[in-house]
Every structure is written in C-alpha cells, then in structure tokens.
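Peer 1: First the structure, which I've put down as structure tokens, then a few questions once you've had a look.
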Amino acid sequence: MKKIRLFILSTLCIITYPSVAQQLSPAAQEVRNEIWGVSDTDFSATAVPEKWNQESAVILGRSFRFEYGLKRGLREIYKRIYLRERVKLVDKAAVEEYSEFKFQQIDKTWGEKLYFGIKVIKTDGTEKVIPLSESVKMQTQQGNNTSYYQKLAIPDLVPGDIIDYYIFSKQLLSATTTSSLPPRTIPLMSTYPIVRQKIVLAIDPYIYLNARAYNQAPDFLYDEEEDLYILRDGNREKLEAPQWFYENRSVPILKFQVFFKEIAFTGKKGKANFAIKKANMLKFAAEFPAKDKTVTSFYKQFRAYLKARKKHKLSNEEKLKEAYYFFRHQYQITTLEKILSLQKLDMKQLKLEKDFIKIMGYLLTKYKIDYEIVVAVSRKTASLDDWIIPEDLAILLKVNGSTHHFLQNPVFYDFYGEIRPELQGVEGYAIQVNSTPKTVRKIRLPRLGHQYHSSVTHTEVWMNEGMNTWKVKQTVTLKGGTRESYQTFLNDPYEMIRESTLRYDKTEAGKGKVNEVIQQRLAEKRDETFKASLKNEFDVSVLALKQLRVLENGIWDNQPTLKYESEFVLGGIAQKIGSSYIIEAGKLIGKQVDMKTLKKKRIFDIYMAHPRSYKHEITIHLPDGYQVQGLDKLKKELKNQTGGFVSNAQLSGAVLKIQTYKYYSHGYEPLKQWGKMKDFLKVAYQFTQQKLLLKKK
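Position 389, counted from 1, in the sequence shown is what this note's numbering calls 431; the numbers after and before it change by one each time, with no gaps.
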C-alpha cells in the first residue's frame, strides 16, 4: 500500500489549487461526478473479509483505467488515466499512516492536468470530502538545496473508517514527436490485502498496444460492446517481500506499453498484442546488418588506432577483441573522463546496444567471422516466452569463430567475452542475419557455475595484549558476479581511465588532467563505504581502517578478478571471563542469513543474482601462554542439490587456521527446494555463533 500511496501522492503538487477548493471548477466537478457519482459495484464494499480482520488495513477496491488515442486529424495524442482506491482502516497504525499525506515529487508520466478527490466514509455511512485547499506548503533544507512539499491532514480518523480517493489526469502530446509512451507495470499485490481490483485499457484504432499479465495473473478479456480490454482480479493477500525475490518473476503483475508508430515488436493497429512471436523477430532482423555513419566513423578511427599502435597485422580474431576494448574506451571511458572533468557531454557520444551490434557486426563480416545476433531478456524481468516490453530486450552477438563466445555493449566494468550474470542461462532468439532468408532459432545462453562466481578471502588476525581489539589484514579476490557491487566503489575511476588510455588511445597516455579535489572526495567516500560494509559484514565495531588498496580492477579478460587488500581494527570479538577469554571466531567469515529469516514462511520461488561460492582461509595468531578449547565446534559439513557449507580448523603451535567453503549451486531454486537451502544456511549461521575458549596454560 505504501508504494501505491507514494505513486499517487507524488502527483498532487501539480494540481491547480483553485480547481480543488470547496467550489470546484466545472471540469473538476465533471470528473468527480464521473468517478464518485456513478454506482460501481467494485466500490460498494464496506466490510473486511473475516480472514483479514487482523490486518492493519484492507484495500476494498482498486481500479486503473488507461485511455489512449489520436485526435485533430491524427496530429495530437490524448492520454487519460483514472485511478481510484478504497481502503478500510482496521487499526490505529493504519489510522496514523493515513492521517497525514505528504507529497513532493512530480511524476510527469501521469500528465499535465490532474484532478484529485479524497473522502472519508464513517461506519454509520456518512461521508466527508477533504478539500485539498487545506494542505499546507512545507520546505526542507539539505545543504544549499531547498525542496518543497505539501502536507494534507485527514482529521478525525478512527479505526473502521474508509478512505476513498481518486486521481484523474489528461494530457495532449504531439503525434509528430511522440512515437511511444513509457511502459507501465502494475503489481496485483500490495502492502495490504486487496479484496477486488480491475485494470482497463482502452485504445482507438490508430494505437498499437503491447500488454501481458504475468505470474498466474488473470488474462485480459475483450469487451466488444465497450471496445476495451479489462482484467479483473481479487482476493490477493498482502505482499511481504522475502530475501532473494524478484517482483517481476514472482508477483501477479501486469505490464503494458502503447505505441503510436509501428515497430518490429508491435502487433496489429488498434488491437492488443499479448505475445512477441517469431514473425516479430524476423522484422527486427531486417534492421541488420547495417552500415551507417556511426559504423563508418568508428571503423575509420579504429583503423587509425591499429596503424598508430602497429597492430594492423594482428589476426582477425585479435582485431575483434581490440575493437571491443577500443569501443569501450571511445564511448564509455572517455565519457567517464568528461564527467569527472566537469565537461559538457555530447549525447551523440553515447552509443546504444544497436550501435554496438551494427559496428561489431560490420567488423565480423569484414573479418569473415561467422556470427549471430541474439535477443534475450534479463532473468530479473521475464522469461523469453513472457517478454512483451520491447525495451526490456538485451542484444548480444554470438561469435562463431575458433571459439564460441558472446559480446555485449560494454559498460565500464565489462570485459571481452563475459556475459552479464542476469543473462547467463536464459533463453534467447539467435538470428542468422547474413543468411538468405534470415533464420531465427531458440538457444540457451551459457550458464556459469558457483566456481566461476567466486569470492576468496584470506584473513590474518593478530590480537592485542588486552584482547579487546583485533588487527585484521585481508586479501579478497572476486570473480564473476561477486565483483559487481564492489567495483562501483572500490575502483578508482582515474586509474581505469589511465589504464584504458594507455592501451587504447592513439595519443600518449595520461594526457587528461586529474581533478585532485574530486579524486580526494571519491577516495574518502570509498573508505566510508568500505567501513560501513565491514561493520555490516562482521556485525562488530570497526575501530579503524588502516589501509585499502586495489591490486586488480577486474575490467580485462586477461585479468578478470577484482582483487584488493585491506587492513583494519575490529573490537568486540573477545569477551573476558576471569582469566580466560571467549572469542567469537565464527564471525570472521561475515554475517550469514539468520534464523529469524529462515523461520519465516516462504511462498515465492528463490531468485538470486547468480550461483556463487565463498571461500575463507583464516589465520589467527594466538597470544603466548594460552590454549584453545572448542575447535571441534568449527568443523561442519552439509551439502545437497542447492548448495553446501563445509568448515574445518587446525591448531599449529600458537597459530589457529580456519577454512570455510559455502556455495549456492544455482541462481534460481523452486519453492520446493527451500527446505534444502535452509539446511545448509542453518549450518553456516550456526558456524558464526560458535565461540572458542582461550585459557591460560
């Protein structure tokens, strides 16, 4: 419910206040009559179903209606959106949440002219309309930035009251400059249970519509008399998002997008298109191969680079790899350099996936290397068969040279031949664009296992004399998807620019100036973020960060790992008991999924970023004169189809060595496997709770 409220309230601040005062304008009154003045059985309920009597609030009715069409000789596009929601407040928490509305951000995708109404329905049936003119303008200050928002109080709310509100928006757009509107996604579950809801889509004969209901959501039905599509739904439990959850793959959901010009992935004009088919893929294939100014300009620059660097005698496959990194340097790294030097960006410098495909496809053809274009969809978004929103597609090249590999439009951290984790193992359409006729076939992209997506941590620990602080030195090597979140804040962008310039600029390296102020701020931010990650990882206080240094940045295929070393001081791992100490050695592998999470009932499949493994090799230097008890507690093993956890420990003189290995076999597990996942996750958590006793000899 909170998500829907924020979505609704973000539009309020662009309402013209005279139109919502006690004396409504004729247009506002017409809208109000249309929504509240017409009997609608979907909004007649006043009672909460017995099974939801203990919920904080219940959505009794919810309705979306979207209308799109062309007018004035097809020169203008009209867009009208209706939203109405009726919410029963069951307890004091819901009353408190709804007693005050704050709205600040503007969602201009709704439209330019909006009408809003809100009323409270008491248990005796009396209704009170809340005038928006009673809202108060507020301001907040963050540094030098001042922002404003409106605050509207809803007085005298008590449990049992019903909030009934609507938004209506309308907008006219130029048909000359507008080819489509942004896609929309409507989950059929919310923070509160939903008794009844409907979504209506109405388009005129000149509009193209792509729409699909996912994840066991009911299908749209066509109402021939009204000439519209309607989806009816209800009896939805509240949504409590668990760990490892993709809303797009789990929650019943609707996605749609309207187009005013035909593209490869649209269906018939004036009719809803509920599936993208092979025929659509063949239309898309007609766009390739293509040689345009972008292609010829790149090829000219690339030839000059090969000549300048004396690389023109490389093999064709070696040239292709050079072209990939040259493309990344020209259109990604140099853009990063401009951002850091506060230069104005030339938007033409930014290249889309299609540009990359056209350029590399041209080179592959020129170098006589067979290839296919592959269209796939991120596993976070949809399966290939469910895909309906064109912009969700990812375009790759499948290179069928001496070795088969895939290429994607690179960002800063991508390297040659690596597929991003969200596309690994998914189905795709492979298009043979150089054949006559063009052919389309389904393939599955390679899936890399937990051995590839790996994290290896070497930890060395020294205790101070009082045992209250631990000096820790770590070397961490991250490969595959495990390096992604760390690269964004650990890597020095100036160092990346320097490396790329050294290899792929035609001129001498390092010519760009370094903004020392920005570089210093980035370094400080990096250290702050790293300290916060340490605190979260070990769940103890981080007393000091002594060193943080990146050894390998993981942006080249011949150096695919992100490797860094750090030195820091932790407190709170040892506890004195008489002359002995209890040390929480298990915490040195980092925080694990806790028992509270594992005990929660789960109703959704398990979606994770990718398979992965975590290896820890820990060396603890014990103080002289002490012996260790409890090593057997650190020896554990549990493996099954979904993953595993294995640990061991040995004592050699005054040095304690601990090894652990935890792995997730897959990036996805069906709900029926959750029990097996919990088995090894429990063992990993129990390891972190194990304590060793240090006793005087």
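Idealized CB from N, CA, C, for every residue including glycine. None of these values were measured; they are calculated from a predicted model.
For the beta strand (DSSP E) containing W512, name the first residue and the last one.
Peer 2: Per DSSP, W512 belongs to the beta strand (DSSP E) from T511 to L520.
Peer 1: DSSP on V635, reduced to helix/strand/coil?
Peer 2: coil
Peer 1: Relative to the alpha-carbon of S357, which residue among K410, K733 and I295 has its alpha-carbon at the smallest distance?
Peer 2: K410
Peer 1: Give the secondary structure of P284 by DSSP, where H, G and I count as helix, E and B as strand, and everything else as coil.
Peer 2: P284: coil per DSSP, three-state reduction.
Peer 1: What is the DSSP secondary structure of G552, reduced to helix, strand or coil?
Peer 2: Since pLDDT at G552 reaches only 48, below the 50 mark, its modelled position is unreliable, and the value read off the structure follows with that caveat. Reduced to three states, the DSSP call for G552 is coil.
Peer 1: Between the C-alpha atoms of N315 and L723, what's the straight-line distance to the nearest angstrom?
Peer 2: When the Cα atoms are used, N315 and L723 turn out to be separated by approximately 44 Å.
Peer 1: Which residues in the same chain have their Cβ closer than 7 Å to the Cβ of A651, if we skip the five residues on either side of it in sequence?
Peer 2: P463, G523 and G709
Peer 1: If I follow the unbroken beta strand (DSSP E) through F369, where does it start and stop?
Peer 2: Run containing F369: none in the beta strand (DSSP E); it sits in the alpha helix (DSSP H), N358 to R370.
Peer 1: With C-beta atoms as the reference, is L198 less than 8 Å away from I163?
Peer 2: It is worth fixing the name first, because residue 198 is Asp in this sequence and not Leu. It is not a contact, given that the beta carbons lie outside the stated cut-off.
Peer 1: Is M231 helix, strand or coil when you go by DSSP?
Peer 2: coil
Peer 1: With three or more C-beta pairs closer than 8 Å as the rule, is the stretch 345 to 365 touching the stretch 296 to 314?
Peer 2: With a cut-off of 8 Å, the stretch 345 to 365 and the stretch 296 to 314 do not count as touching, because too few Cβ pairs lie within range.
Peer 1: When the Cα of K675 is compared with those of K212, H371, Q728 and P91, which residue comes out closest?
Peer 2: Q728
Peer 1: Have a look at K638 and L223 and give me their C-alpha separation to the nearest angstrom.
Peer 2: 43 Å
Peer 1: Is DSSP giving G523 helix, strand or coil here?
Peer 2: helix
Peer 1: What is the rounded straight-line gap between the Cα of Y705 and the Cα of L604?
Peer 2: 19 Å
Peer 1: Could you tell me if the beta carbon of V559 falls within a distance shorter than 7 Å of some heavy atom in the ligand NAD?
Peer 2: Here there are no bound small molecules, and the ligand NAD is not part of this structure.
Peer 1: State the start and end residues of the unbroken alpha helix (DSSP H) segment that holds A259.
Peer 2: Counting along the chain, A259 falls outside any alpha helix (DSSP H), and DSSP gives it neither H nor E.
Peer 1: Does DSSP put V200 in a helix, in a strand, or in coil?
Peer 2: coil
Peer 1: Quick check on the burial criterion: 16 or more other C-beta atoms within 10 angstroms. Buried or exposed for T83?
Peer 2: The residue in question, T83, is exposed, as its Cβ has fewer than 16 Cβ neighbours within 10 Å.
Peer 1: Which whole-angstrom value describes the C-beta separation of L194 and L174, a residue pair presumed to lie in contact below a C-beta threshold of 8 Å?
Peer 2: 7 Å
Peer 1: First and last residue of the beta strand (DSSP E) that includes R486?
Peer 2: T481 to R486
Peer 1: Any contact of the stretch 707 to 721 with the stretch 672 to 690, i.e. 3+ C-beta pairs under 8 Å?
Peer 2: yes
Peer 1: Tell me the residue span of the alpha helix (DSSP H) that contains R278.
Peer 2: Taken as a continuous stretch (DSSP letters only), R278 belongs to no alpha helix (DSSP H), being part of the beta strand (DSSP E) at L270 to R278.
Peer 1: By the 10 Å Cβ neighbour count, where 16 or more other Cβ atoms means buried, how is A99 classified, buried or exposed?
Peer 2: Flag for A99 reads buried.
Peer 1: On a Cα-Cα basis, can you pick out the residue from L736, P712, Y190 and G276 that is closest to V178?
Peer 2: Y190
Peer 1: Which residue from T478, N476, V498 and H447 puts its Cα closest to that of P488?
Peer 2: Minimum Cα distance to P488 is reached at H447.
Peer 1: Taking C-alpha atoms, which residue in F368, K555, I485 and S477 lies nearest to R545?
Peer 2: F368
Peer 1: Cβ of F572 within 8 Å of Cβ of L590?
Peer 2: yes
Peer 1: Can you tell me which of D265, I272, P479 and P247 puts its alpha carbon nearest to the alpha carbon of R254?
Peer 2: Of the candidates D265, I272, P479 and P247, the one whose C-alpha sits nearest the C-alpha of R254 is I272.
Peer 1: Which first and last residues belong to the alpha helix (DSSP H) in which I292 is found?
Peer 2: Before going further, note that residue 292 is Ser rather than Ile in the sequence given. Run containing S292: E289 to S292, per the alpha helix (DSSP H) assignment.
Peer 1: Compute the Euclidean distance between the alpha carbons of T227 and D397, then round it to the nearest angstrom.
Peer 2: 28 Å
Peer 1: Here's a check: name, in chain order, each residue in its chain whose Cβ is nearer than 8 Å to the Cβ of D456, leaving out the five neighbours to either side.
Peer 2: R370, Q450, R462 and I597
Peer 1: Taking C-alpha atoms, which residue in E279, A70, N186 and F210 lies nearest to P91?
Peer 2: E279
Peer 1: Quick one: using the 10 Å Cβ neighbour count with 16 as the cut-off for buried, is D133 buried or exposed?
Peer 2: exposed
Peer 1: Determine the DSSP secondary structure at K737, reduced to helix, strand or coil.
Peer 2: In this structure, K737 counts as strand in the three-state DSSP scheme.
Peer 1: Any idea what DSSP makes of D721, helix, strand or coil?
Peer 2: helix
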